[in-house]
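Converting from the sequence shown to the working numbering requires adding 115 to each position, the first position being numbered 1.
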Amino acid sequence: MNATVNENCIGCGLCAGTCPEVFRMGDDGVAHGSGIPDGQLEAAQEARDGCPVSAITIEE
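This is how it looks when you write it as structure tokens:
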């Protein structure tokens, strides 16, 4: 599974705060996703669902 953050990201940091194992804030001021480690899918989904601009996608 992989989490991606699209161009709608406003850099609020909610995802990185909710699931730092998957999301990080970049030097460009926006979030970046990565592969989802075992046991982190629920937290990644919580971050996706909480994103105020729906910028996160989770795919296999």
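Cβ coordinates follow ideal geometry from the N, Cα and C atoms, glycine included. Just so it is clear, the structure is predicted and the values come from calculations on it, not from any experiment.
(message) I'd like to check one pair, G126 with A158: are the Cβ atoms closer than 8 Å?
(response) Start at 1 with the first residue of the sequence shown, and residue 158 comes out as number 43. Start at 1 with the first residue of the sequence shown, and residue 126 comes out as number 11. In this structure, the beta-carbon distance from A158 to G126 does not fall below 8 Å.
(message) Taking the alpha-carbon of G144 as reference, which of N123, M116 and A118 has the nearest alpha-carbon?
(response) By one-based count along the sequence shown, residue 144 stands at place 29. The shortest C-alpha separation from G144 is found at N123.
(message) Tell me the DSSP secondary structure of A150 in three-state form.
(response) Here residue 150 refers to the residue found at position 35 of the sequence shown. The amino acid at residue 150 is misidentified as Ala; the sequence shows Gly. Strand at G150.
(message) I'd like to know whether the C-beta atoms of M140 and G148 end up nearer to each other than 8 Å.
(response) Position 25 of the sequence shown, counted from the start, is the residue given in the question as residue 140. Position 33 of the sequence shown, counted from the start, is the residue given in the question as residue 148. No, Cβ-Cβ distance for M140 and G148 is not below 8 Å.
(request) Closer than 6 Å by C-beta to G150: which residues in its own chain qualify, once you throw out the five before and the five after it? Chain order, please. (result) For this step, residue 150 is matched to residue 35 along the sequence shown. Contacts found: N117.
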